[in-house]
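Residue numbers (the working numbering), protein chains in the order written: chain A, 17 to 272; chain B, 17 to 272; chain C, 17 to 272; chain D, 17 to 272; chain E, 17 to 272; chain F, 17 to 272.
There are 6 protein chains.
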Amino acid sequence: MYLGDEAWPDLGTYFEEESLALVPLGSTEQHGPHLPESTDHVIAEAFAREAADRTGFLCTPTVNVGVSGHHRQFHGTMWVEPPVFREYVESLTRNLTAHGVDRVVYVNAHGGNVPHLREVGARLRQDEVAYAIEWMWDESIPDLVDDLFAQNGPHGGPKETSMIQYLEPELVHDDRLAEARDGGVASVDEADTVMHGSRTFYDAADNTDNGVLGDQTDASAEKGEQLFEAATEQLVALCEWLDDQAFADLMPEDHV
Amino acid sequence: MYLGDEAWPDLGTYFEEESLALVPLGSTEQHGPHLPESTDHVIAEAFAREAADRTGFLCTPTVNVGVSGHHRQFHGTMWVEPPVFREYVESLTRNLTAHGVDRVVYVNAHGGNVPHLREVGARLRQDEVAYAIEWMWDESIPDLVDDLFAQNGPHGGPKETSMIQYLEPELVHDDRLAEARDGGVASVDEADTVMHGSRTFYDAADNTDNGVLGDQTDASAEKGEQLFEAATEQLVALCEWLDDQAFADLMPEDHV
Amino acid sequence: MYLGDEAWPDLGTYFEEESLALVPLGSTEQHGPHLPESTDHVIAEAFAREAADRTGFLCTPTVNVGVSGHHRQFHGTMWVEPPVFREYVESLTRNLTAHGVDRVVYVNAHGGNVPHLREVGARLRQDEVAYAIEWMWDESIPDLVDDLFAQNGPHGGPKETSMIQYLEPELVHDDRLAEARDGGVASVDEADTVMHGSRTFYDAADNTDNGVLGDQTDASAEKGEQLFEAATEQLVALCEWLDDQAFADLMPEDHV
Amino acid sequence: MYLGDEAWPDLGTYFEEESLALVPLGSTEQHGPHLPESTDHVIAEAFAREAADRTGFLCTPTVNVGVSGHHRQFHGTMWVEPPVFREYVESLTRNLTAHGVDRVVYVNAHGGNVPHLREVGARLRQDEVAYAIEWMWDESIPDLVDDLFAQNGPHGGPKETSMIQYLEPELVHDDRLAEARDGGVASVDEADTVMHGSRTFYDAADNTDNGVLGDQTDASAEKGEQLFEAATEQLVALCEWLDDQAFADLMPEDHV
Amino acid sequence: MYLGDEAWPDLGTYFEEESLALVPLGSTEQHGPHLPESTDHVIAEAFAREAADRTGFLCTPTVNVGVSGHHRQFHGTMWVEPPVFREYVESLTRNLTAHGVDRVVYVNAHGGNVPHLREVGARLRQDEVAYAIEWMWDESIPDLVDDLFAQNGPHGGPKETSMIQYLEPELVHDDRLAEARDGGVASVDEADTVMHGSRTFYDAADNTDNGVLGDQTDASAEKGEQLFEAATEQLVALCEWLDDQAFADLMPEDHV
Amino acid sequence: MYLGDEAWPDLGTYFEEESLALVPLGSTEQHGPHLPESTDHVIAEAFAREAADRTGFLCTPTVNVGVSGHHRQFHGTMWVEPPVFREYVESLTRNLTAHGVDRVVYVNAHGGNVPHLREVGARLRQDEVAYAIEWMWDESIPDLVDDLFAQNGPHGGPKETSMIQYLEPELVHDDRLAEARDGGVASVDEADTVMHGSRTFYDAADNTDNGVLGDQTDASAEKGEQLFEAATEQLVALCEWLDDQAFADLMPEDHV
């Protein structure tokens, strides 16, 4: 069920009986010469809506702008500062609990949001307000991702390219895939991001010219569909597991 | 041009030449038994995209959750606290200026966001970071609104109902319009919101049972179309006026 | 009863029996060539003290500096930033409740404070700490204001001029009333403050040369007295109504 | 010159030529059974206005509520939390500099405000925004205070009692002076506030029953006048000294 | 008992039975040409560990960097801004209470930390989270300090020099004591820090060339030992007194 | 060079010529039944001091308490909330730049601090205040760690045990190593920390009874020495590389 489509009286029964919300979060940021800036929020919303459709759990509207300051050198990247993002997500989540929601899955498709969602989730749990966890689709199917791509790339690579080819094909510049690969860094190992144990880079522009990594020519809509199906199954399973838990079991352990 | 659809290299020319962004902001909140909770952000996004299409100015993705704590008693209303909303919008806007944007129209369709957007805009201008102003569609066409409806209602009334009937007809429960009117407060004058010069109410639930005001049976998709056309023209004119100004003329006056 | 004049043991009975405080708030800001910068806090304090005298409710000392950044271009205007003002008023009000106060009237005479006092009041009520509402004298007697003045002006106009002529006549430069009118904007309609539905101005200096609006020559101490009497009656009535309510009835409604 | 009394055009010359502002700050808090809660802000305002009258420097309206949480157990004490007080004073002072003020004397009559005013002053100076310093009347005339009173008391004692007897005699309950002494702690040495080198008390209520220290029967309006005259001379001298300094000499030293 | 040395299971008994923690806090800042920048945190840690050893109470690791912005002009001084210091100490202390600690002695050896520790302590007590008080060694033995030194100096003087000569002799440049005295301000009275009752200086560099006051040639390790022994006894006595109190007796008084 | 040991005049030359500071940061938190709570800050300080000794770069005192809320259920764990930790480190670092430091290595030995140090570092770099990067010893020698231990454990495992056996042998309970292994989770793979792609645990107590992972019986002081030597070499190399860079090259790239 998509919250945005519903009139309030039609949500009463859900809140009485269920208490789980899927909150999609992404980013609006450069994804190379071939992918749209909406890539991450399009993916997050697709997963959250699909899982909600299949299970009957509630999906909320999407947080479209996240923590993307590390892409600031590229035209159009939008972002909010990390403390602001955390406050926004925390406030939004706390207020959801006014209706009875007590467990939340942050359906997230942007790596830059991860530590912030974890921090918010830890705080909400510690306060015993809600149990909120972060989920990223590719983390749920690491073996399939490895199987499908030789160089999947952490940002704007064939993994995300395939996904948008499947979800929003008209937004992919298929004629720029080789350009994306050749103007970026095909292999993450070559990206030279760690120096004597320290991550010495901060911005995408520090180690790529066009903002992306991996071999984009390896992408296809068919692979996108495979990824989407496999990861949706994982998300559905996560929601069902979460729904089965007693709230008390999700809350912090007692002091030893 | 819709920022979310573009790949970054395709935005370079725009940022060199233009510097205006339309940022749609709405809310996700109860709009009575007949309208979807997405009402305000659907309307905001429709206006911003339409004006961007007609003019070539840039439209960003939408901020879907705003300041709606005064609807908290109704299922599904989402909100962030006012300071959080201001921080989020301010951070998002400041960062847009990294690419050259220096004037912003907050295409807003939720009254509860207004003072906060004004406060953010004043701060950005005072810092000479950007000139950002708030626009609400119904404020731009007050005479037409008055002409079309006897009781337009400030929230969930025939004005917003007509708009959604036009923009997203499948999301309106047309069979509940009389129920919406009868269970709410048809006339704002009757809503009893001011006592000896003081606004004594804080929440929608203080003076309406179902969360809405006005006579919803007076709505139609045709009226929605009229409103949309008329207000879009105003928004287009505003953008063009704004684009014509020298940046210095938009900045604060000098001390006397 | 004026709190500042009392020794603490003499307040014990009041706090046992009553729980209402009148808190005057104004600004220190330019009011044109004819009125003193204290105009707003002088008016606020006069109303609060008078209503306290007539009813026996408690009046606190005045907050003299408010949200007046939009008058910054004129010599002597003092202000604090909006978040600071909100924090100050909220902290002051929360702490008043330590003694038993649970309802507060913000006797406010400065339009720029309004949204901030509303925001603070909403927060205090939501936390069930106190029921605090904002009152402005001219909002309580709109018909009389309209009757007395052809062009009353929202700032430094004949309405405020009459009030200071009545309350502190020696602080009015009666010989500058025509100058005030001619150097300002006589008619608000001419002030050109809204463009295609958007309020495009932020500072008083954007649309007036001397900082004021309306026709000041229309002012008189007699009119000031009429206004003061009429609005005081409204404030007294508001306090009495408020005092009659059960605290629970002033608190937020339950979730539907 | 008192800022509140002036119309803005009449301040232009001052700001061109002078750049010093006296800002009175006090508290609204219990001062025993004999003194009004306004004691501290009445005293602060009296000194600031008098020094302004004698010198022609600018005096602003008064900050009436300060850091008085340590008197919270007594009816009527008003306060804001320390961070809020600092923010309020800092914002107010920063904004004064918009008109050309670059040195400020915080004419303070409440000990609880001191560290906070020092902290704000340090920050403003470090940022090279203004040179703001805190002044307390009794600190400027320690020998006279010692001469006049055997037990002057740090709060609500004969020192402050004499001052109010002189400034606002009708606000003193002269018939309660012995009661004030006997119900409080006559000698600070007996107040038992330090334990093995640690100040172990936080609130006035921790060591006095009626909130005051010292021997109030030792007070008189004549002594108040002496104190007022002597301390005013000090304040005048301080302002003149300050006015004589080059701004650069008031700013932080360079790094060694 | 030193918390840092213990494995968690070995602390269980302590937290069951005792509830007092000694938290050492100092600074890292210039102490003249003869003393190390660690002076204050070395002293704080020495006292806290010694008192813990003698009594069995718990000593935590040390907060090494405090509020020392007023020494910023001298090489190597480290500091955090006052609000940051307060937040750090408050958060650290609140979290200690998770294990049962409900009374804390801030064993502090830096004057610049004092008002901030008092502010944090007041807040923690008001919230009834813990009773935390600040202790400085020299405040506990004022007579001995006066006896031992003609000019003890508030910073980097013979008092602190003696202490480091005793605690960490290899860190004192004994050959620079006369240089320290001659390049600084031997007598505090001569430091010219108060003007007509106002403290007009903010930084150490405002009134000393080398950052220190007092006559350092008057220092010796023997005096340091005397001071250390005498003040440790005071700290031990304070802890024992604190331990003897009922928690309720340490909490705020009720409203009168 | 260790900053804490130096008198300020002796640091002048360093700041003129060098601009790198090593800042050790750890935590004070449970490390199982066999290791002291100081484990992480002892390790951090040892590395930072050793690298400073070998290279001549500056080492500051240690931040002993970090982000360890996820160990709160175990006696003695100390922590500050994440926003507080970030503010503390950021303020401390910004202020170091007053002396000329413009590059900082956060020598960190606690995984829970990592994202916060990265966030602070990104902010400092974006503001062009300093280039600060986080380094963790075990991240610098992943192959050696893998070679030495079958199950190294991310917290309190043989890796950290070996290190403390080498650095502070008297603080290790060698007789509890088997107990540590058997009461914890020997293999991280068994710790069940990820569910369908989501990290579903927040606290150490969620998946271990005694707070530690890995096989502690595999530890030895010899291995500790090997690890210490190898990682110190990496840290030295990192500092030298950093020192060789032009500051401009460490700052953010320009917008494309």
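Even for Gly, the Cβ is constructed at its ideal location relative to N, Cα and C.
What do you get for residue i, buried or exposed, if any count of 16 or more other CB atoms within 10 angstroms of its CB means buried?
{"i": "B/Gly257", "result": "The sequence given here places Trp at residue 257 of chain B; Gly does not occur at that position. When all chains shown are included, B/Trp257 counts as exposed."}
{"i": "C/Gly72", "result": "exposed"}
{"i": "F/Val201", "result": "buried"}
{"i": "F/Asp118", "result": "buried"}
{"i": "B/Glu269", "result": "exposed"}
{"i": "F/Ser54", "result": "buried"}
{"i": "A/Val210", "result": "exposed"}
{"i": "C/Gln250", "result": "buried"}
{"i": "F/Pro52", "result": "buried"}
{"i": "B/Asp191", "result": "exposed"}
{"i": "F/Asp231", "result": "buried"}
{"i": "C/Pro98", "result": "buried"}
{"i": "C/Ala262", "result": "exposed"}
{"i": "C/Arg70", "result": "exposed"}
{"i": "A/Asp234", "result": "buried"}
Am I right that residue i and residue j are in contact with their C-beta atoms under 8 Å? What's the rounded C-beta distance?
{"i": "E/Leu36", "j": "E/Leu74", "result": "7 Å"}
{"i": "C/Leu133", "j": "C/Val100", "result": "With a Cβ gap of about 14 Å, C/Leu133 and C/Val100 do not count as contacting."}
{"i": "F/Ala253", "j": "F/Tyr182", "result": "Not quite, the Cβ-Cβ distance comes to about 21 Å (not below 8 Å), so this is no contact."}
{"i": "C/Val161", "j": "C/Lys175", "result": "6 Å"}
{"i": "D/Ile157", "j": "D/Leu243", "result": "7 Å"}
{"i": "F/Pro49", "j": "F/Asn223", "result": "Going by Cβ atoms, the distance from F/Pro49 to F/Asn223 rounds to 17 Å, so no, they are not a contact pair."}
{"i": "D/Trp24", "j": "C/His57", "result": "That belief does not hold up - the Cβ atoms of D/Trp24 and C/His57 are roughly 16 Å apart, past 8 Å."}
{"i": "B/Ala67", "j": "B/Thr78", "result": "The pair is not a contact, with the Cβ atoms about 14 Å apart (cut-off 8 Å)."}
{"i": "B/Asn124", "j": "B/Leu41", "result": "5 Å"}
{"i": "C/Val121", "j": "C/Cys255", "result": "6 Å"}
{"i": "A/Val136", "j": "A/Arg102", "result": "5 Å"}
{"i": "F/Arg88", "j": "F/Asp208", "result": "Actually they do not touch by this definition, with Cβ atoms about 20 Å apart."}
{"i": "E/Phe31", "j": "E/Gly116", "result": "4 Å"}
{"i": "C/Thr44", "j": "C/Met94", "result": "4 Å"}
Residues bridged to residue i by DSSP?
{"i": "B/His47", "result": "B/Leu51"}
{"i": "E/Cys75", "result": "E/Tyr18, E/Leu38"}
{"i": "F/Trp151", "result": "A/Ser214, F/Val123"}
{"i": "D/Leu229", "result": "D/Val201"}
{"i": "B/Met94", "result": "B/Thr44"}
- Item | alpha helix (DSSP H) segments (min. 4 residues) lying fully within the segment 171-219 of chain C | 174-183, 193-199
- Query: Should the segment 82-89 of chain F be called in touch with the segment 122-137 of chain F, which here means at least 3 C-beta pairs below 8 Å?
  - Reply: yes
- Item | the segment 133-148 of chain D in contact with the segment 163-177 of chain D per 3-pair CB rule at 8 Å | no
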